[in-house]
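**Student:** Under the numbering used here, residues 2 to 445 are what the sequence shown spells out, in order. For every residue, glycine included, the Cβ atom is placed at its ideal position computed from N, Cα and C.
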Amino acid sequence: MSEERLAEWIRDIEKIFEYKGYTDVKASVGLMLQAFKLFSNSSGLSMNCSKSSFYYNGIDAQLVTEIERATGMKRGTVPFKYLGVTVSQKCLSVMDCNILVDKIVDRIRSLGSRKLSYAGRLVLIKAVLNSLHSYWARIFILTKTVISKLEAICRAFLWYGTDNKESPMLVSWETICRARNQGGLGLRDFHAWNLAAIGKYAWWVAQKTDHLWVKWVHAIYIKNTCWNEYEPGSGSSWAWRKICQVKHLLKDHIFNADIEHYNSQTGYQVLKPEMDKVSWYPWVLNQWIIPKQNFLCWLIAHQKLTTQDRLIRMHIIQSNRCFLCGLQEESHEHLFFSCIFSKKCKDLVASWCVLELPCLEVIQWWVQLREHSACKKKIVAVILASLMYNIWNARNVSRVDGYVSRPGCILQRVKNEVKMRLGQLQIKSRNTRALNWIEYIRQH
Ligand SMILES: [Zn+2]
C-alpha cells in the first residue's frame, strides 16, 4: 500500500470512528464492518469471518443472534485468550494468572536448575523469568496474591534451584531487589514494576494520546474534570480505580511538562527511590570476578554466610568452634581473616602476588582497593574473591569431612583460578607497571 493510500485510508477510518453520539448497536456494528471492508479494499487483506468472534455485553439475546447472522462471526465469551494472555472484563483472578505461573515453573524445571550456581540462577531470573513477568506486567494489573506467588517462585529458584520451597532465605527479597550499587542484585520488585508499567496508561490519559480507549475514558469518566485532580467514582471499574491510584503515585512524573515520553524504568525509579550507595559495590559485583565467587563475596559483604555465630543466634546449633583452626568462635570477621588458618592463606597469597594485604575488616578489604590503579584493582578484586571463595570451601569441607586442607593447597587453587581468569579477560591498560605486575602473576 502506498503511503498516500495508507494516509487516505487512516483518515477514512478516523471519520467512521469519530461519528459521535451513536447509541444504536446495529448501526455501530455496521460502521465496524464498513471499516473492515475499507481496510480490505485498501490492503488486499480480508477478514475470515468463520475464524472470528465478536464479544458483547448488556445487549439482549435477539440482537446477539441478529449480529451473528449479519456478520457471519461466532459469538465469543469472556474471558478468552489473545496472544497468550487472558482478556477479561473483570480483575484478573489467581486462576487466570496460573498460565504465567505455570510458564515460569516449566522454565525452572526444564533448565535443570539444581545444577546451576547461585550466579547462574540469578542470570536466568533476570533474562527469562523477569521477561515473562514484564510482558504480563505491561498489559495487566496483577493482584498482590499473584505477585507474592511469582516472588516466592523466584526466591525459591534463586536460593534452592526449585520452584517451591518455603525455607528461610539468606538475604531478604527486598534487599535483592535493590539496585546493585545499593547493595542489591538488581532484580526488579514485581509490584513496583507492574505499577510503573501501568503508569503508561495514566500518562496516555494526561497526554490525550490518540487512542480509542483514551478518548473513551475522557468522554465517559473524566469529562470536563482536570485529570490531575480527577477521583474515580464508586461505580468505576477495579482497573480504572487502580490506574487512578497509579496516577497519584506517579504524579510528579506524569504531569512533569519536561518529560516528553513515558518510560517504565523512570516510573519505577519514582516508586523505588534511590537508597544510599554501598562502598563495596564497585569491587564485590565487579564483572571481572568469576561469577560464582561474585555471589559469595556479595553474601560476605552482607555478612549472610551461614557461619556458626548466626546459627547459634537462630538456635540451630548450641556450640561454636571454628572448623578451620578449632581455637576460636566462627564468624565472618574471624574467617576473613582473623583465623590463623585463613591468615596463613592470605599471607601466602600476598607473598605470591607481591601485594600488601593488611588485616582489615571484611568491607574495608574492598574499599581499600581504590588505592590501586584502575587496572590493578580489578585483578586484586579477582584475587581476593578467589581467596575468600576457597577459604569458605575449605571450611565447608572441614565441616562435612573433618579434614582441613593445607594453606599451600588453597594458594595453589587461588593461583590456578586467577591465572585462568586472566586468560579469559581482555586487559587493556597503558599503565606499564600494572601490566608488568599482571605478567608477573601469570608467570609465577
Ligand atoms: Zn579459625
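For the 8 Å Cβ check, are there 3 or more pairs between the segment 198 to 214 and the segment 310 to 321?
**Tutor:** no
**Student:** If distances are taken between C-alpha atoms only, which option among S235, N391, K248 and I317 comes closest to K416?
**Tutor:** N391
**Student:** Note down, one range per segment and in chain order, each alpha helix (DSSP H) of at least 4 residues found wholly within the segment 316 to 376.
**Tutor:** 341 to 353 and 363 to 368
**Student:** Taking 7 Å as the limit between beta carbons, can you name the residues of its chain near S343, skipping five residues before and five after?
**Tutor:** So the list reads L325, L336, F337 and I392, once near-sequence residues are dropped.
**Student:** Consult DSSP for S54 and reduce its assignment to one of helix, strand or coil.
**Tutor:** DSSP places S54 within a strand segment (E or B) once states are collapsed to three.
**Student:** Straight-line CA distance for N49 to V88?
**Tutor:** Going from the Cα of N49 to the Cα of V88 covers about 21 Å.
**Student:** Please find out if some non-hydrogen atom of ligand 1 comes closer than 8 Å to the beta-carbon of C326.
**Tutor:** yes
**Student:** For the beta strand (DSSP E) containing K82, name the first residue and the last one.
**Tutor:** Residues F81 to Y83.
**Student:** Could you tell me whether any non-hydrogen atom of ligand 2 is closer than 8 Å to the CB of F342?
**Tutor:** This structure simply doesn't include ligand 2; it includes ligand 1 instead.
**Student:** Measuring straight from C-alpha to C-alpha, what distance separates I126 and H192?
**Tutor:** 16 Å
**Student:** Between the C-alpha atoms of I109 and Y441, what's the straight-line distance to the nearest angstrom?
**Tutor:** 44 Å
**Student:** Just to confirm the assignment: which complete beta strand (DSSP E) runs, minimum length 3, are found wholly within the segment 118 to 201?
**Tutor:** none
**Student:** Check whether the segment 342 to 358 touches the segment 426 to 435, taking contact to mean three or more Cβ pairs, one atom from each stretch, closer than 8 Å.
**Tutor:** no
**Student:** Go ahead and pull the three-state DSSP assignment for K462.
**Tutor:** Absent from the structure is residue 462, since the part of the chain shown begins at 2 and ends at 445.
**Student:** Looking only at DSSP bridge pairs, what is V88 linked to?
**Tutor:** F81
**Student:** At a cut-off of 8 Å, would you count L312 as near ligand 1, judging by its Cβ distance to the nearest heavy atom?
**Tutor:** no
**Student:** Going straight from the alpha carbon of H134 to that of L123, what length do you get?
**Tutor:** Between the C-alpha atoms of H134 and L123 there is a straight-line separation of about 15 Å.
**Student:** What are the boundary residues of the alpha helix (DSSP H) that I255 is part of?
**Tutor:** K252 to I255
**Student:** Using the beta-carbon count (16 or more within 10 Å), is E230 buried or exposed?
**Tutor:** exposed
**Student:** Taking the alpha-carbon positions, what's the E232 to K252 distance?
**Tutor:** 13 Å
**Student:** Would you kindly check if the distance between the Cβ of Y202 and the Cβ of I244 is under 9 Å?
**Tutor:** yes
**Student:** Using the Cβ count rule (16 or more neighbours within 10 Å means buried), how would you classify V247?
**Tutor:** Its Cβ being crowded by 16 or more others within 10 Å, V247 is buried.
**Student:** Just curious, the alpha helix (DSSP H) that P292 is in, first and last residue?
**Tutor:** P292 to A302
**Student:** I439 lies in the alpha helix (DSSP H); which residues open and close that run?
**Tutor:** T433 to Q444
**Student:** Let me check you understand the geometry: is the CB of E331 closer than 8 Å to at least one non-hydrogen atom of ligand 1?
**Tutor:** yes
**Student:** Terminal residues of the continuous alpha helix (DSSP H) containing M421?
**Tutor:** P408 to Q425
**Student:** Report the rounded CA-to-CA distance for Q270 versus Q183, giving the unit in angstroms.
**Tutor:** 13 Å
**Student:** With which residues is K27 paired in a DSSP beta bridge?
**Tutor:** Bridge partners of K27: none, in fact.
**Student:** So, is N165 buried or exposed, given that buried needs 16 or more other C-beta atoms within 10 angstroms?
**Tutor:** With fewer than 16 Cβ atoms within 10 Å of its Cβ, N165 is classed as exposed.
**Student:** Taking the alpha carbon of I263 as the reference point, which residue from S374, S168, Q294 and I199 has its own alpha carbon closest?
**Tutor:** Residue identity differs from the one stated: residue 263 is Tyr in this sequence, not Ile. Selected option, being the one with the closest Cα: I199.
**Student:** Assuming S95 contacts T146 (C-beta within less than 8 Å), just tell me the rounded distance between them.
**Tutor:** Correcting the residue identity first, residue 95 is Val in this sequence and not Ser. The pair is a contact, with the Cβ atoms about 5 Å apart (cut-off 8 Å).
**Student:** Out of P169, L84 and K273, which one is the CA nearest neighbour of E136?
**Tutor:** The question names Glu, but residue 136 is Tyr in the sequence shown. Looking at the Cα atoms, L84 is the closest of the given residues.
**Student:** Quick check on this structure: which residue in C340, P408, W160 and F81 has the alpha carbon closest to the alpha carbon of P169?
**Tutor:** W160
**Student:** Could you spell out the range, first to last residue, of the alpha helix (DSSP H) harbouring V106?
**Tutor:** Where V106 is concerned, the enclosing alpha helix (DSSP H) stretches over N99 to S111.
**Student:** Nearest by alpha-carbon distance to S238: which of H254, N257, E175 and I142 is it?
**Tutor:** I142
**Student:** Measure the CB-CB distance between V350 and I301 and report whether it falls below 9 Å.
**Tutor:** No, Cβ-Cβ distance for V350 and I301 is not below 9 Å.
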